[in-house]
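Novice: If you scroll down you'll find the structure; I have some questions about it.
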Amino acid sequence: MSGQIVARSPGRVNLIGDHTDYTGGLVLPMAIDRYTTITATDQQQVDKHDTADRESKRVIDVTSAHEPDRLLLTLPISDPAAVQPAWGRYIAGVAAQLGDTARGISGTITSDIPIGAGLSSSAALELATALALGDTSSPVQRAQLCRRAEHAATGVPCGIMDQLVCSVGVDNHAMLIDCNSLSINPVQLPDGIKVVVQLITRRTLLGSEYSARVAQCQAAEAIVGPLRLAHPAMLDIIDDPTIQARARHVVSENQRVRDAVACLRSGDMVGFGTLMYESHNSLRDDFATSTAQMDSAVSAARATPGVFGARMTGGGFGGCIVIIADATAHIHNLGIESWPVRAVAGAQLLN
Ligand code: GLA
Numbered sequence: 006m007s008g009q010i011v012a013r014s015p016g017r018v019n020l021i022g023d024h025t026d027y028t029g030g031l032v033l034p035m036a037i038d039r040y041t042t043i044t045a046t047d048q049q050q051v052d053k054h055d056t057a058d059r060e061s062k063r064v065i066d067v068t069s070a071h072e073p074d075r076l077l078l079t080l081p082i083s084d085p086a087a088v089q090p091a092w093g094r095y096i097a098g099v100a101a102q103l104g105d106t107a108r109g110i111s112g113t114i115t116s117d118i119p120i121g122a123g124l125s126s127s128a129a130l131e132l133a134t135a136l137a138l139g140d141t142s143s144p145v146q147r148a149q150l151c152r153r154a155e156h157a158a159t160g161v162p163c164g165i166m167d168q169l170v171c172s173v174g175v176d177n178h179a180m181l182i183d184c185n186s187l188s189i190n191p192v193q194l195p196d197g198i199k200v201v202v203q204l205i206t207r208r209t210l211l212g213s214e215y216s217a218r219v220a221q222c223q224a225a226e227a228i229v230g231p232l233r234l235a236h237p238a239m240l241d242i243i244d245d246p247t248i249q250a251r252a253r254h255v256v257s258e259n260q261r262v263r264d265a266v267a268c269l270r271s272g273d274m275v276g277f278g279t280l281m282y283e284s285h286n287s288l289r290d291d292f293a294t295s296t297a298q299m300d301s302a303v304s305a306a307r308a309t310p311g312v313f314g315a316r317m318t319g320g321g322f323g324g325c326i327v328i329i330a331d332a333t334a335h336i337h338n339l340g341i342e343s344w345p346v347r348a349v350a351g352a353q354l355l356n
């Protein structure tokens, strides 16, 4: 049987709660109206004329509108990290996780999620791939599968936030996610505000710096136990000032997410914005994931009439800032590109 498949996943922006997911903390991202779409044909047979191969050979044969080299994979996949071209590793990672249940496809990929900007273009590609390859698990299980795929494809020990919000997003809602229990609470965004994402610089060195932060949080947890349960005073027993600072960011950021959700629910956008600035400063000073360009963009946003809050968003070391402002505010482009974004539903099959 063959049929047309259209699988689409949004990217995401995180409003508050960064570098908390991989210690089971709290995050408040939203899926955004920028998408990666796979349009494909279900291709169970590579060569319909070659009857000997009919049952045995499944292939993924896809081109991307944004990449020069076509991806041709024969299933099953054993080592996704070795796949060429490199952009195909995310697809190979998902196919490897799906194992025998992955179907062969032939098709094209398009996306308006900028690559290397920190808006989860990779999570979106993974989720669209899982749907296109026939994954029938729940949206939460699909996110977990895609996270494992990313680990296998890139070696970067990412948390669950990106895959989960891209999978379970709700129209017009930010998603409060407890990354330990995986409980998900949509929080409605108030009327009269806008969310603007600005790409300040493309990211560099994300993989190794990110892995270092994960290791530093593990080092802190070896001393004080799970950071998601820790209180600020408990961190005094950490001797290493760098490890203590990393832990201080995580513990304070979890509390800021709780407070930010309370602000959003009561319509206190000034309070929400203040927490965004505090989050940015904590990522800058204690977690060292900001850059000078991102710091000045946040300061410039803060000086703009009608802006409630701004902060770097996502993994950091470059990438985007997110700004929340009154809907009537005029927001200048402070970096390379600027997009107003809307909160949208998670990944789905459109056909
Ligand atoms: C990247 C990772 C996420 C999360 C953020 C920082 O986007 O993929 O799991 O850790 O960085 O909040």
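The opening position of the sequence shown corresponds to residue 6 in this note's numbering, with each subsequent residue numbered one higher. The beta-carbon is built from N, C-alpha and C at its ideal position, and this holds for glycine as well. On a predicted model such as this, the values are computed, not experimentally measured, just so you know.
In terms of residue numbering, what span does the beta strand (DSSP E) encompassing residue 106 cover?
Specialist: On the sequence shown, residue 106 is found 101 positions in, with the first residue counted as 1. Premise fails: residue 106 is in no beta strand (DSSP E) and is neither H nor E.
Novice: List in chain order the residues whose CB is within less than 5 Å of at least one heavy atom of the ligand GLA.
Specialist: Selection output, chain order preserved: 23, 24, 26, 163, 164, 166, 167, 319 and 320.
Novice: Using a beta-carbon distance below 8 Å, is residue 301 in contact with chain C?
Specialist: Of the protein chains in this structure there is only one, and it is not chain C.
Novice: Looking only at its own chain, which residues have a Cβ that is under 7 Å from the Cβ of residue 302, when we skip the five neighbours before and after it?
Specialist: Numbered from 1 along the sequence shown, position 297 holds the residue referred to as residue 302. The residues are 203, 205, 326, 339 and 340.
Novice: Examine the Cβ distances between the region 232-242 and the region 157-164 and report whether three or more of them are shorter than 8 Å.
Specialist: They do not touch, by the three-pair rule.
Novice: Could you tell me which residues DSSP pairs with residue 17 in its beta bridges?
Specialist: In the sequence shown, the residue the question calls residue 17 occupies position 12. DSSP lists 36 as partners of residue 17.
Novice: Who pairs with residue 191 in a beta bridge, going by DSSP?
Specialist: Your numbering for residue 191 matches position 186 in the sequence shown. BP columns for residue 191 point to 180.
Novice: If the criterion is Cβ atoms closer than 8 Å, does the pair residue 118 and residue 41 meet it?
Specialist: Position 113 of the sequence shown, counted from the first residue, corresponds to residue 118. Position 36 of the sequence shown, counted from the first residue, corresponds to residue 41. Result yes, Cβ atoms of residue 118 and residue 41 sit closer than 8 Å.
Novice: So for residue 247, helix, strand or coil by DSSP?
Specialist: Counting from one through the sequence shown, the residue named residue 247 turns up at place 242. The answer is helix: DSSP assigns residue 247 an H, G or I state.
Novice: Where do the ends of the beta strand (DSSP E) carrying residue 324 lie?
Specialist: Within the sequence shown, the letter at position 319 stands for residue 324. Run containing residue 324: 324-331, per the beta strand (DSSP E) assignment.
Novice: For the alpha helix (DSSP H) that contains residue 168, what are its first and last residues?
Specialist: The residue labelled residue 168 in the question sits at position 163 within the sequence shown. It spans 166-173 - the alpha helix (DSSP H) in which residue 168 sits, taken as one unbroken run.
Novice: Are the beta-carbon atoms of residue 184 and residue 125 separated by less than 8 Å?
Specialist: For this step, residue 184 is matched to residue 179 along the sequence shown. For this step, residue 125 is matched to residue 120 along the sequence shown. No, they are not a contact pair.
Novice: Would you tell me roughly how many angstroms separate the C-alpha atoms of residue 75 and residue 66, rounded to the nearest one?
Specialist: For this step, residue 75 is matched to residue 70 along the sequence shown. For this step, residue 66 is matched to residue 61 along the sequence shown. Those two C-alpha atoms are separated by around 7 Å.
Novice: Locate the alpha helix (DSSP H) running through residue 274, then write down its first and last residues.
Specialist: If you number the sequence shown from 1, residue 274 lands on position 269. From DSSP, the alpha helix (DSSP H) with residue 274 extends over 274-290.
Novice: Taking only runs that begin and end inside the region 69-146, name each unbroken alpha helix (DSSP H) of 4 or more residues, in chain order.
Specialist: You should have 94-103 and 126-137.
Novice: Pairing CB atoms from the region 207-223 with CB atoms from the region 186-199, are three or more of them under 8 Å?
Specialist: They do not touch, by the three-pair rule.
Novice: Using DSSP's beta-bridge definition, name the partner residues of residue 257.
Specialist: By one-based count along the sequence shown, residue 257 stands at place 252. Residue 257 is not bridged to any residue.
Novice: Based on the DSSP secondary-structure assignment, which residues constitute the bridge partners of residue 317?
Specialist: Looking up residue 317 in the sequence shown gives position 312. Its beta-bridge partners are 326.
Novice: Is residue 45 buried or exposed, if buried means 16 or more other CB atoms sit within 10 Å of its CB?
Specialist: By one-based count along the sequence shown, residue 45 stands at place 40. Under this definition residue 45 is a buried residue.
Novice: Nearest-angstrom Cα distance between residue 6 and residue 356?
Specialist: Counting from 1 along the sequence shown, the entry for residue 6 is found at position 1. Counting from 1 along the sequence shown, the entry for residue 356 is found at position 351. Any reading at residue 6 needs caution, since the residue's pLDDT is 49, under 50, leaving its predicted position unreliable; the model's value is listed next. Approximately 15 Å between the Cα atoms of the pair.
Novice: Which of the three DSSP states, helix, strand or coil, is assigned to residue 26?
Specialist: Looking up residue 26 in the sequence shown gives position 21. It is helical.
Novice: Since residue 309 and residue 329 should fall inside the 8 Å C-beta cutoff, what is the C-beta to C-beta distance between them, to a whole number of angstroms?
Specialist: Against the sequence shown, residue 309 aligns to sequence position 304. Against the sequence shown, residue 329 aligns to sequence position 324. Their Cβ separation, rounded to whole angstroms, is 12 Å, which puts residue 309 and residue 329 out of contact at 8 Å.
Novice: Just curious, the beta strand (DSSP E) that residue 343 is in, first and last residue?
Specialist: Position 338 of the sequence shown, counted from the start, is the residue given in the question as residue 343. Counting along the chain, the beta strand (DSSP E) containing residue 343 begins and ends at 342-346.
Novice: Just verifying my parser: in three-state terms, what is the DSSP assignment at residue 45?
Specialist: Here residue 45 refers to the residue found at position 40 when the sequence shown is read from its first residue. If DSSP states are grouped into helix, strand and coil, residue 45 belongs with the strands.
Novice: Name the DSSP beta bridge partners of residue 294, please?
Specialist: As a first step, residue 294 must be located in the sequence shown, where it is residue number 289. In the DSSP output, where bridge partners are listed per residue, residue 294 has none listed.
Novice: Is the beta carbon of residue 154 less than 8 Å from the beta carbon of residue 99?
Specialist: On the sequence shown, position 149 is the one that residue 154 refers to. On the sequence shown, position 94 is the one that residue 99 refers to. Taking 8 Å as the Cβ cut-off, residue 154 and residue 99 qualify as a contacting pair.
Novice: Do residue 258 and residue 29 have their C-beta atoms closer together than 8 Å?
Specialist: Within the sequence shown, the letter at position 253 stands for residue 258. Within the sequence shown, the letter at position 24 stands for residue 29. No; because the gap between Cβ atoms is not below 8 Å, this pair is not in contact.
Novice: State yes or no: is the C-beta of residue 80 within less than 8 Å of the C-beta of residue 94?
Specialist: Stepping through the sequence shown from its first residue, residue 80 is reached at position 75. Stepping through the sequence shown from its first residue, residue 94 is reached at position 89. For residue 80 and residue 94, no; Cβs fall outside 8 Å.
Novice: When the Cα atoms are used, what is the spatial distance from residue 307 to residue 112?
Specialist: Here the question's residue 307 lines up with position 302 in the sequence shown. Here the question's residue 112 lines up with position 107 in the sequence shown. Residue 307 and residue 112: Cα-Cα distance of roughly 44 Å.
Novice: Give the C-beta separation of residue 352 and residue 130 to the nearest angstrom, bearing in mind that I take them to be a contact with Cβ-Cβ under 8 Å.
Specialist: Here residue 352 refers to the residue found at position 347 when the sequence shown is read from its first residue. Here residue 130 refers to the residue found at position 125 when the sequence shown is read from its first residue. Rounded, the Cβ-Cβ distance is 10 Å, inconsistent with contact.
Novice: When DSSP builds the beta bridges, which residues end up paired with residue 203?
Specialist: As a first step, residue 203 is located in the sequence shown; it is residue number 198 there, counting from the start. Paired residue(s): 326 and 343.
Novice: On the DSSP bridge assignment, give the partners of residue 66 in chain order.
Specialist: Taking the first residue of the sequence shown as position 1, residue 66 is located at position 61. 77 and 111.
Novice: Could you tell me if residue 116 is buried or exposed, where buried requires 16 or more neighbouring beta carbons within 10 angstroms of its beta carbon?
Specialist: Walking along the sequence shown from the start, residue 116 turns up at place 111. So residue 116 ends up on the buried side.
Novice: How many whole angstroms separate the CB atoms of residue 82 and residue 70, which I take to be in contact at a CB cut-off of 8 Å?
Specialist: Working through the sequence shown from its first residue, we reach residue 82 at position 77. Working through the sequence shown from its first residue, we reach residue 70 at position 65. The Cβ separation is near 23 Å, so there is no contact.
Novice: Between residue 152 and the rest of its own chain, which residues show a CB-CB distance below 6 Å, the 5 nearest in sequence each way excluded?
Specialist: On the sequence shown, residue 152 is found 147 positions in, with the first residue counted as 1. Excluding residues within five positions, the ones whose Cβ falls inside 6 Å are 165 and 168.
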